[in-house]
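Below is one structure, written out as structure tokens; comments come after it.
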Amino acid sequence: MANDPFYKDHWINIDRDRLERYQRMFQWNPASSILYEPADIGPGHVVGDFGCGPGYTAIEIASWVGVDGHVHALDINSDFISQTRNNAMAAGTDDRISAHQCDGSRLPLPDASLDRLTTRNTLIYVDNAEHVIREFRRVLKAEGKVHAIEGDWPMMIVEPVPTETWAALVDAASHACRTPDIGRKLHGLMALAGFSEIDVQVVARPDTDGRLLPMIKNMAGYARDRGQMSNASIEEILSTIEQALVGRSYLALAPQFVVTATR
Ligand SMILES: C[S@@+](CC[C@H](N)C(=O)[O-])C[C@H]1O[C@@H](n2cnc3c(N)ncnc32)[C@H](O)[C@@H]1O
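So that you can map any letter, position 74 of the sequence shown is 73 in numbering that gives the first Met the number 0, and since no number is skipped, the others follow by simple counting.
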């Protein structure tokens, strides 16, 4: 809608180029399996994946739940919902995946219908994370588990960009998120929603070869759109990073909070 804040609107309206980029960026990476281990997803489970993007994670989860399980893939963006259906068909798992468009304010699922609810890099964007986490609890069965993987932008470091300069870029880019520091808040939000056995792990895989560059460039783009920082300063940060990559003095860290809790 025209009046939606930027953090929401930039996911509802995605231009063709960005959609194509995301089809590549959100492919399933086998190295991510370890992040999902605490969710303990197994054969026969009914699992929700909130913020499913083009559906590659839902397709992977469909292989874990097997023919007796089911995956409900949920996303705010209508193109991602169509892509999820098409990608599931191409993977031969469309009988096990249902895709639903929603923004999290009301999940289109009955009470106590899921064994597991996973979400990755999505709660950072929702209007009201406390409310969405309560929705997660409503749709989970007794003993069901929620599993959230979220970053925390102010905790990110990019060496050799000076600390204050990087913090200024993060601040200028943060209008793209509703809760840029969601990672550190997950434990408290889950406790507030009534979850028990809340387990928090922080995973930070150092990037020395530019793996995080697409994320950094996205953040630079958001900062540019905001206009709070000059273009010249943003370009200087990007060029410092490019030179450091060549000179091998680059190291970036984007900690991910991996939080699992029982209904
Ligand atoms: C950074 S992407 C992550 C995609 C996927 N979970 C992954 O890790 O590859 C964020 C996803 O959340 C979706 N999203 C953003 N705001 C949302 C909301 N309020 N409700 C549901 N989905 C939302 C976006 O459309 C996008 O697919």
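Ideal placement from N, C-alpha and C gives every residue a C-beta, glycine not left out.
From a predicted model like this one, the values you see are computed outputs, not experimental measurements.
| Query | Result |
| --- | --- |
| Quickly, what does DSSP pair Arg119 with across the bridge? List them, please. | Ile148 |
| Check whether the region 203 to 211 touches the region 108 to 127, counting contact only when three or more Cβ pairs, one atom from each stretch, lie closer than 8 angstroms. | no |
| May I have the straight-line CA-CA distance separating Ala190 from Val202, to the nearest angstrom? | 21 angstroms |
| Could you compute how far the alpha carbon of Ile181 sits from the alpha carbon of Asn85? | 31 angstroms |
| Quick one: give me the first and last residue of the beta strand (DSSP E) that Val201 is part of. | 195 to 202 |
| Closer than 6 angstroms to a non-hydrogen atom of ligand 1 - does that hold for the CB of Phe5? | no |
| Tell me the residue span of the alpha helix (DSSP H) that contains His9. | 5 to 11 |
| Put Asp74 into one of helix, strand or coil per three-state DSSP. | strand |
| Suppose the cutoff is 6 angstroms on Cβ atoms and the five residues either side in sequence are ignored; what does the same chain contact list for Val145 look like? | Leu116, Phe135, Ala260 |
| In this structure, does DSSP put Ala253 in helix, strand or coil? | coil |
| Whole angstroms is fine: what's the gap from Met218's alpha carbon to Ala172's? | 6 angstroms |
| Within the continuous alpha helix (DSSP H) that includes Asp129, where are the two ends? | Before going further, note that residue 129 is Glu rather than Asp in the sequence given. 128 to 138 is the span of the alpha helix (DSSP H), which, as asked, contains Glu129. |
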